[in-house]
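Enquirer:
2 protein chains.
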Amino acid sequence: MPNIADIIEEYIKARLSRSNGGIVVMRRSELAEKFQCVPSQISYVLNTRFSFNRGYIIETRRGGGGFIRVIRVSLDESEDILDIIYEKIGDEISLGECINLIKYLYDEELITKREAHLMENVLEVTTPNNGVQGSGRQRAAIFKAMLMVLLRHDK
Amino acid sequence: MPNIADIIEEYIKARLSRSNGGIVVMRRSELAEKFQCVPSQISYVLNTRFSFNRGYIIETRRGGGGFIRVIRVSLDESEDILDIIYEKIGDEISLGECINLIKYLYDEELITKREAHLMENVLEVTTPNNGVQGSGRQRAAIFKAMLMVLLRHDK
DNA sequence: TGAAGAAGGTCAAAGTAGGTCTAAAGGTCA
DNA sequence: TGACCTTTAGACCTACTTTGACCTTCTTCA
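One line per chain: the protein sequences are A and B, in this order. Anchor point for the first sequence: position 2 equals 2 in the numbering used here, and the numbering is continuous, going up by one each time. Anchor point for the second sequence: position 45 equals 45 in the numbering used here, and the numbering is continuous, going up by one each time.
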């Protein structure tokens, strides 16, 4: 029994890839209707699966004629990927956020699946995932070091 | 008279060999129901019979739509890597030895150049290369965690 | 202009499902 | 038989999902 959240996620992703420009506009209540769930379920999916760290931007408008716009952020070659990534990582970072970023890099085809697993394993082994003092800082340092290598060397 | 643990083990192995790709996805509570035991019994079987050391990788998810995925690693295809994990690394290992092994893996085309760089860098960043207490053990753990990824055949 | 209605936002509680730990029971073997 | 290892059961923990009540923002129209 796959859960509704996953189904809605797939649906939005399918629409995104069908769209040109990676933009989908929808009405929250309509989607909820379509999937027979409460509207806040849509918000939940958006928050957990289409976060900024996973490479999406959400724009919304309330009131009559309201909408939700999901925008897939693709990096173009000219942008300094490192800067963007570094900004997202900051001085400390949680394991969950790392995994989101890794997913994003994989979706963007900047890293392979194996490299993604490799990084995840390293982060899991090297840093405790619960709020142990300093673990967030250590994780950020290791993650940055790994990204540095990946982004400096071609596949 | 075989015990429940053995029966569950056989069941999972049967499903694995019936599957293509050596992957089985299941629900812990359902299996427990099927075999009339407590759910933690399933965890016990997984921990004792399907550990990484025995050639399996377990992935799980909690909450609604949760599951347990058992992935069988192809042991024969991974002889070199297993040999490194069990024979060469041991409980501790020096940075120099790691680098030699990584070089070997690259020469054998078991890893890409980028993966080699990644591994080396991680080991350099995470563990001091001079005889600091315990660093050899930590290095061994990290190296093994990274090599585990190479055993997966789900790409 | 301001009240009504139409969206989306937020948050907490309840529900679902796997993880961990430990005590007790069951086997094995010298 | 006693020491030791394995298995079983259950209490409690943590993570993820679903639902619903209530809040805020925006548009429309009298």
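For every residue, glycine included, the Cβ atom is placed at its ideal position computed from N, Cα and C.
Would DSSP call E108 (chain B) helix, strand or coil?
Expert: As a first step, residue 108 (chain B) must be located in the second sequence, where it is residue number 108. Three-state result, E108 (chain B): coil.
Enquirer: Say the cut is 7 angstroms; is the CB of I23 (chain B) nearer than that to a heavy atom of the ligand FMN?
Expert: This structure does not include the ligand FMN; it has no bound ligands of any sort.
Enquirer: Counting only Cβ pairs nearer than 7 angstroms, list the residues of chain A close to R137 (chain B).
Expert: Taking the first residue of the second sequence as position 1, residue 137 (chain B) is located at position 137. Simply none; closest approach about 12 angstroms.
Enquirer: If I follow the unbroken alpha helix (DSSP H) through F143 (chain B), where does it start and stop?
Expert: Along the second sequence, read from residue 1 onward, the residue named residue 143 (chain B) stands at position 143. F143 (chain B) -> alpha helix (DSSP H) spans S135 to L151.
Enquirer: Evaluate the contact criterion for the stretch 86-101 of chain B versus the stretch 85-97 of chain A: three or more CB pairs, one atom per stretch, below 8 angstroms.
Expert: Contact between the stretch 86-101 of chain B and the stretch 85-97 of chain A is absent, because fewer than three Cβ pairs lie under 8 angstroms.
Enquirer: From which residue to which residue does the alpha helix (DSSP H) around E120 (chain B) run?
Expert: Indexing the second sequence from 1 puts residue 120 (chain B) at position 120. Residues K113 to T126.
Enquirer: Could you tell me the distance, in whole angstroms, from the CA atom of V70 (chain A) to the CA atom of I58 (chain A)?
Expert: Taking the first sequence and counting its residues from 1, one reaches residue 70 (chain A) at position 70. Taking the first sequence and counting its residues from 1, one reaches residue 58 (chain A) at position 58. In a straight line, the C-alpha of V70 (chain A) is about 5 angstroms away from that of I58 (chain A).
Enquirer: Between the Cα of I23 (chain B) and the Cα atoms of B:Y56, B:I7 and B:C98, which residue gives the shortest distance?
Expert: Position 23 of the second sequence, counting from 1, holds the residue named residue 23 (chain B). It is B:Y56.
Enquirer: In chain order, which continuous runs of the beta strand (DSSP E) of length 3 or greater are located wholly inside the stretch 46-114 of chain B?
Expert: The qualifying runs are 56-61 and 67-72.
Enquirer: Could you check which residue in B:Y44, B:Y106 and B:R18 has the C-alpha nearest to that of A5 (chain B)?
Expert: Translated into the one-based positions of the second sequence, residue 5 (chain B) becomes position 5. For the residues B:Y44, B:Y106 and B:R18, the minimum Cα distance to A5 (chain B) belongs to B:Y44.
Enquirer: How is the alpha helix (DSSP H) around S29 (chain B) delimited, first residue to last?
Expert: In the second sequence, counting from the first residue as 1, residue 29 (chain B) sits at position 29. Counting along the chain, the alpha helix (DSSP H) containing S29 (chain B) begins and ends at R28 to K34.
Enquirer: Using beta carbons (cut-off 8 angstroms, strictly below), is T167 (chain A) in contact with chain B?
Expert: Chain A is shown from 1 up to 155; residue 167 (chain A) falls before or after that span and cannot be answered.
Enquirer: Look at the alpha carbon of A140 (chain B) and the alpha carbon of F67 (chain A), and state the distance between them as a whole number of angstroms.
Expert: The sequence position of residue 140 (chain B) within the second sequence is 140, counting from 1. The sequence position of residue 67 (chain A) within the first sequence is 67, counting from 1. So the alpha carbons of these two residues sit roughly 52 angstroms apart.
Enquirer: List the residues of chain B that N121 (chain A) touches, going by C-beta distances under 7 angstroms, in chain order.
Expert: As a position in the first sequence, residue 121 (chain A) is number 121, starting the count at 1. The answer, in chain order, is A145, M146, M148 and V149.
Enquirer: May I ask you to list, following chain order, the residues of the stretch 58-71 of chain B that have a beta carbon less than 7 angstroms from some beta carbon of chain A?
Expert: Correct list: G64 and G65.
Enquirer: Between N100 (chain A) and chain B, is the shortest Cβ-Cβ distance under 8 angstroms, so that the two count as touching?
Expert: Counted from its first residue, the first sequence places residue 100 (chain A) at position 100. No - not a single Cβ of chain B is within 8 angstroms of the one on N100 (chain A).
Enquirer: Residues of chain B with a CB under 7 angstroms from the CB of V125 (chain A): which are they?
Expert: Indexing the first sequence from 1 puts residue 125 (chain A) at position 125. Under the 7 angstroms cutoff, chain B gives A141, I142 and A145.
Enquirer: Taking Cβ positions, are V25 (chain B) and H117 (chain A) nearer each other than 8 angstroms?
Expert: As a working mapping, residue 25 (chain B) is identified with position 25 in the second sequence. As a working mapping, residue 117 (chain A) is identified with position 117 in the first sequence. Result no, Cβ atoms of V25 (chain B) and H117 (chain A) do not sit closer than 8 angstroms.
Enquirer: Could you tell me whether any Cβ in chain A is nearer than 8 angstroms to the Cβ of K88 (chain B)?
Expert: Residue 88 (chain B) sits at position 88 when you count from the first residue of the second sequence. Not one chain A Cβ lies under 8 angstroms of K88 (chain B).
Enquirer: Is the stretch 121-128 of chain A in contact with the stretch 6-21 of chain B, if contact means three or more CB pairs nearer than 8 angstroms?
Expert: Taking 8 angstroms as the limit for Cβ pairs, the verdict is that the stretch 6-21 of chain B does not touch the stretch 121-128 of chain A.
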